[in-house]
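Novice: Let me give you the structure first, and then I'll get to my questions.
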């Protein structure tokens, strides 16, 4: 295996008395889909926010291609090549679908501080190409505010890909979607990850998605990693069964 | 030491009145999220109604203290009912409109109440005849202190205690506290919002009325009470933390004491003092002394920002036609029309500059007149001290205003929402107070005269053309910015800060740039205005001037790029038209504003765009 794209080493985060993330370490390689799962409150989202700079870690280190990200703001981390989608979609409602992607491209190409050019003419072809990749080209002219939820998720994916990232962070990418849509979105994500040789880390509650799409799975509980490995390893793991016992989530969706 | 004690007591008694007004304002804001400009008018009505009631009661039963108290309470209840009437008849229809529209509507009410008061009670100040027991003094540390003021000292804490009981011991009070924290949740729990809001408006307005009634014996009722008190009340509420009654109490003490001692110790800067305090507090505590960040407001259904599209060609041709009509005016119109056209050009640029911040920037400034005035004063001071000709003055005006915008903006962009708006107001008041009180530099109230154009532009027609070139040119440049990558980035930061940051945008820097650009453009407008009038005055920076700009943008429609242009023309046209037609122009203007808010909650241009998009089958968000 080649050198990992993302490495997290002994991450620590406390909120008052709550030890939300306690000594979590993992790494993601190029072309790999790594799922981060665990029951509610396990520390997944906190972990995520430590990775992209939204929260500051109390201890440990995050490295992107060997470079330490400590103390960087989300926008600086983005510049280093980290794309992100949110649990609740965050898009620009007063722009069309294409303009949302164009905005990300404008920022990526350092054209934000241009005052006289027409934004709608910037990187139009590139935006169309990205939208085509996620199957949204027919909707390019629609206002973002009227899109169905699944389409918003696909748009977010296109926006996250705009800076040609090395790492894709997806926080519950299929939350709020119908089962058929979920598989379609994650199939799409996996194709893109393979084709572009991205590293992709995602959290997810839907176990069908997790076991169907992830190359490797990390299970967290109460701030700690309790298991790590392929789908088969995780299915067979006693500690994981213990955590999920009775919830039925390991064997099916919810 | 006696002086210290007496000033301290004076401060305490002023604090009581201030607390009554501010507590009402803060309760209304906490629950309904409405910034109620009319609150100062309710205070004024309290004074006038108390004047009428107390005198009527005295005529009937002699000048007894308890009849005075009865009159004061009757006035407070009556004002409370007027507040409820405004809530039911007006605000209830526009709770779903953007917050600023509600503010606009309440400002319309301010104008109507002002003229109604003038019509009912006349223009004279109305002092309450004071029987002996109201004129009494007590001896404190060898000085005479008014007995009535001593009573006032205790009324503030008493009302605070009563409010505490109301909020902690009754179901209504519990709902008010709950709604202040999270009103969507309270609504989701099945509480009747209409009753709650009406109740809150009664309480808040009655408190304002009570405040007005109680200051009557020492101040007499007058027509300037409304706007002079509302600025102070805003300061108190913001310093205390919006929605916090104990915060309002603390900050009314702070502000009143600062004023009481400032008047004696720092008479040169009395006007600016409270705003300096507010600016200082907001820099250290961005949510006021006891305020908390508001629960994240969930966007209500159907309130998504519409997509900003470039104007259709038709609109461009219409604009060109209007410009040609204006430019050819010297051929067919008189001198007065030319003056009005210059003003129109100035206000179009002024409104467009505010719109850059309010619309794409999502940053509402309550003190935009500061930059208009700074431009005008920049030109005038350049003339007075450097003997700069008009050409240099018109370059200096935007630079001067833009520089101040850059400095103030550094502090402003760190805040958000109403607090941000209030800090811009504070900076504007500081600038206004400087022009007013720093007489040696600025000439104070007398202004600076003789700011005339250079010889080649002295002709009215030439100056009109120059104004059109500068103002229309500036406005078109601002429009260009809106559709540029910079403008899109600004809008991105407004639509979703989370996503904007996640695609590498530096939100604070974008907003700062927008603030400085808007200030510079307003400054250019101010400069052109100064040479058109031949003089500059502190009124260029006053609160009504800032409100004018807000009204223009909101009337036109904040969500369209053409809105401010339409709004400036409509507003100034309305103003000029009404001014000539009726003595009660304030009431007419106020009614027009209220009706426009009810009929076009998206603004005139927003309404037109919705029609256009529907007719074209364009999908609107």
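Chains as they are written, first to last, in my numbering: chain B, 15 to 268; chain U, 198 to 818.
Cβ atoms here follow ideal geometry from the backbone N, Cα and C, with glycine treated the same way.
In this text, all values refer to a predicted model and were calculated from it rather than measured experimentally.
(1) Any idea what DSSP makes of residue 230 of chain B, helix, strand or coil?
(2) Out of B/17, B/34, B/174 and B/217, point me to the one whose CA is closest to residue 1 of chain B's CA.
(3) Does the distance from the C-beta atom of residue 686 of chain U to that of residue 469 of chain U stay below 8 angstroms?
(4) Taking Cβ to Cβ, would you say residue 413 of chain U is nearer than 8 angstroms to residue 325 of chain U?
(5) Sort U/565, U/663, U/555 and U/617 by Cα distance to residue 591 of chain U and report the nearest one.
(6) Along the alpha helix (DSSP H) that carries residue 121 of chain B, what are the first and last residues, could you check?
(7) Among the candidates U/785, U/303 and U/657, whose CA atom is the shortest distance from the CA of residue 287 of chain U?
(8) What residues from chain U crowd round residue 88 of chain B, counting only those whose CB sits closer than 8 angstroms?
(9) Under a CB-based cut-off of 8 angstroms, is residue 393 of chain U close to chain C?
(10) DSSP three-state call for residue 184 of chain B: helix, strand or coil?
(11) Who does residue 129 of chain B pair with in a DSSP beta bridge?
(12) Could you confirm whether any beta carbon from chain B is found closer than 8 angstroms to the beta carbon of residue 293 of chain U?
(13) How long is the line joining the alpha carbons of residue 69 of chain B and residue 91 of chain B, rounded to whole angstroms?
(14) State buried or exposed for residue 728 of chain U, treating a residue as buried only when at least 16 other CB atoms are found within 10 Å of its CB.
(15) Please decide whether residue 128 of chain B counts as near chain U, where near means a Cβ-Cβ distance under 8 angstroms.
(16) Could you give the C-beta distance for residue 206 of chain B and residue 169 of chain B, rounded to a whole number, given that I count them as a contact under 8 angstroms?
(17) Between the Cα of residue 198 of chain B and those of B/221, B/225, B/164 and B/178, spot the shortest distance and give me the residue it belongs to.
(18) Residues of chain B with CB under 9 angstroms from residue 446 of chain U, in chain order?
(19) Counting C-beta neighbours from all protein chains within 10 Å, is the total for residue 557 of chain U 16 or more, i.e. buried, or is it exposed?
(20) Going by the beta-carbon positions, is the gap between residue 186 of chain B and residue 217 of chain B smaller than 8 angstroms?
(21) Give the residues from the stretch 50-71 of chain B that approach chain U closer than 8 angstroms (Cβ to any Cβ), ordered along the chain.
(22) Please decide whether residue 249 of chain B counts as near chain U, where near means a Cβ-Cβ distance under 8 angstroms.
(23) I'd like the list of long-range same chain contacts for residue 552 of chain U, defined as Cβ closer than 7 angstroms, with 5 residues on each side in sequence excluded.
(24) Could you give the uninterrupted runs of the beta strand (DSSP E) lying entirely in the stretch 277-361 of chain U, keeping only those of 3 residues or more?
(25) Go ahead and label residue 246 of chain B buried or exposed: buried means 16 or more other beta carbons lie within 10 angstroms of its beta carbon, across all protein chains shown.
(26) Would you verify that the beta carbon of residue 721 of chain U is, or is not, closer than 8 angstroms to some beta carbon of chain B?
(27) Which term fits residue 670 of chain U, buried or exposed, when burial requires 16 or more other beta carbons within 10 angstroms of its beta carbon?
(28) Should residue 496 of chain U be labelled buried (16 or more other beta-carbon atoms within 10 Å of its own) or exposed?
(29) If I measure Cβ to Cβ from residue 211 of chain U and keep anything under 6 angstroms in the same chain, skipping five residues before and after, which residues do I get?
(30) Determine which residues share a DSSP beta bridge with residue 23 of chain B and list them.
(31) From U/734, U/258, U/678 and U/636, pick the residue whose C-alpha is nearest to that of residue 466 of chain U; which is it?
(32) Taking Cβ positions, are residue 395 of chain U and residue 279 of chain U nearer each other than 8 angstroms?
(33) Got a sec: is the Cβ-Cβ distance from residue 693 of chain U to anything in chain B below 8 angstroms?
(34) Could you spell out where the beta strand (DSSP E) holding residue 238 of chain B opens and where it closes?
(35) Would you decide whether residue 643 of chain U is buried or exposed? Buried here means 16 or more other CB atoms lie within 10 Å of its CB.
(36) What residues of chain B sit near residue 504 of chain U, judged by a beta carbon separation below 7 angstroms?
Specialist: Answer, in terms of the structure:
(1) For the purposes of this step, residue 230 of chain B is taken as residue 216 along the first chain, with counting starting at 1. Note: residue 230 of chain B maps to strand in three-state DSSP.
(2) Past the boundaries of the shown model lies residue 1 of chain B; chain B is included only from 15 to 268, so the question cannot be answered.
(3) The sequence position of residue 686 of chain U within the second chain is 489, counting from 1. The sequence position of residue 469 of chain U within the second chain is 272, counting from 1. The answer is no: Cβ separation not under 8 angstroms.
(4) Sequence index remark: in the second chain, residue 413 of chain U carries index 216 (1-based). Sequence index remark: in the second chain, residue 325 of chain U carries index 128 (1-based). Yes, these two residues count as a Cβ contact at 8 angstroms.
(5) Here residue 591 of chain U refers to the residue found at position 394 of the second chain. Residue U/663 is the option with its Cα nearest to residue 591 of chain U.
(6) Numbered from 1 along the first chain, position 107 holds the residue referred to as residue 121 of chain B. Per DSSP, residue 121 of chain B belongs to the alpha helix (DSSP H) from 111-122.
(7) Taking the first residue of the second chain as position 1, residue 287 of chain U is located at position 90. Of the listed residues, the one whose Cα sits closest to residue 287 of chain U is U/303.
(8) Looking up residue 88 of chain B in the first chain gives position 74. Those are 698 and 699, listed as they occur along chain U.
(9) Among the protein chains in the structure shown, which are B and U, there is no chain C.
(10) Locating residue 184 of chain B in the first chain gives position 170, where the first residue counts as 1. Note: residue 184 of chain B maps to strand in three-state DSSP.
(11) If you number the first chain from 1, residue 129 of chain B lands on position 115. Answer by DSSP bridge pairing: none, since residue 129 of chain B is not bridged.
(12) For this step, residue 293 of chain U is matched to residue 96 along the second chain. False, the Cβ-Cβ gap to chain B never drops below 8 angstroms.
(13) Residue numbering aside, residue 69 of chain B sits at position 55 when the first chain is read from its first letter. Residue numbering aside, residue 91 of chain B sits at position 77 when the first chain is read from its first letter. Straight-line Cα distance between these residues: approximately 12 angstroms.
(14) The count along the second chain starts at 1 and reaches residue 728 of chain U at position 531. Buried, by the Cβ-count rule.
(15) Against the first chain, residue 128 of chain B aligns to sequence position 114. Answer yes: the Cβ-Cβ gap between residue 128 of chain B and chain U drops below 8 angstroms somewhere.
(16) In the first chain, the residue the question calls residue 206 of chain B occupies position 192. In the first chain, the residue the question calls residue 169 of chain B occupies position 155. The pair is not a contact, with the Cβ atoms about 14 angstroms apart (cut-off 8 angstroms).
(17) Residue mapping note: residue 198 of chain B aligns to position 184 of the first chain, counting from 1. Out of B/221, B/225, B/164 and B/178, B/164 has the C-alpha closest to the C-alpha of residue 198 of chain B.
(18) For this step, residue 446 of chain U is matched to residue 249 along the second chain. Result: empty, since nearest Cβ-Cβ is about 30 angstroms, beyond 9 angstroms.
(19) Taking the first residue of the second chain as position 1, residue 557 of chain U is located at position 360. The residue in question, residue 557 of chain U, is buried, as its Cβ has 16 or more Cβ neighbours within 10 Å.
(20) In the first chain, counting from the first residue as 1, residue 186 of chain B sits at position 172. In the first chain, counting from the first residue as 1, residue 217 of chain B sits at position 203. The answer is yes: Cβ separation under 8 angstroms.
(21) 66
(22) The residue given as residue 249 of chain B occupies position 235 in the first chain. So no, residue 249 of chain B is outside the interface.
(23) Here the question's residue 552 of chain U lines up with position 355 in the second chain. Around residue 552 of chain U: 750, 755, 760 and 761.
(24) 334-337 and 340-343
(25) For the purposes of this step, residue 246 of chain B is identified with residue 232 of the first chain, where counting begins at 1. By the neighbour-count rule (16 or more Cβ atoms within 10 Å), residue 246 of chain B is not buried but exposed.
(26) The count along the second chain starts at 1 and reaches residue 721 of chain U at position 524. It does not; no Cβ of chain B falls within 8 angstroms.
(27) Start at 1 with the first residue of the second chain, and residue 670 of chain U comes out as number 473. Burial call: exposed.
(28) As a first step, residue 496 of chain U must be located in the second chain, where it is residue number 299. Residue placement at residue 496 of chain U cannot be trusted, given a pLDDT of 40 that sits under 50; what the coordinates show is reported in the next sentence. The residue is exposed, with fewer than 16 neighbouring Cβ atoms inside 10 Å.
(29) For the purposes of this step, residue 211 of chain U is identified with residue 14 of the second chain, where counting begins at 1. Around residue 211 of chain U: 453.
(30) The residue given as residue 23 of chain B occupies position 9 in the first chain. Paired residues: B/75.
(31) As a position in the second chain, residue 466 of chain U is number 269, starting the count at 1. Among U/734, U/258, U/678 and U/636, the Cα nearest to that of residue 466 of chain U is on U/636.
(32) Looking up residue 395 of chain U in the second chain gives position 198. Looking up residue 279 of chain U in the second chain gives position 82. Not in contact: residue 395 of chain U and residue 279 of chain U (Cβ atoms no closer than 8 angstroms).
(33) For the purposes of this step, residue 693 of chain U is taken as the residue at position 496 of the second chain. So, interface residue.
(34) By 1-based counting over the first chain, the position of residue 238 of chain B is 224. Segment 238-243, the beta strand (DSSP E) holding residue 238 of chain B.
(35) By one-based count along the second chain, residue 643 of chain U stands at place 446. Exposed is the call here.
(36) The count along the second chain starts at 1 and reaches residue 504 of chain U at position 307. What residue 504 of chain U touches in chain B: 108, 109, 110 and 157.
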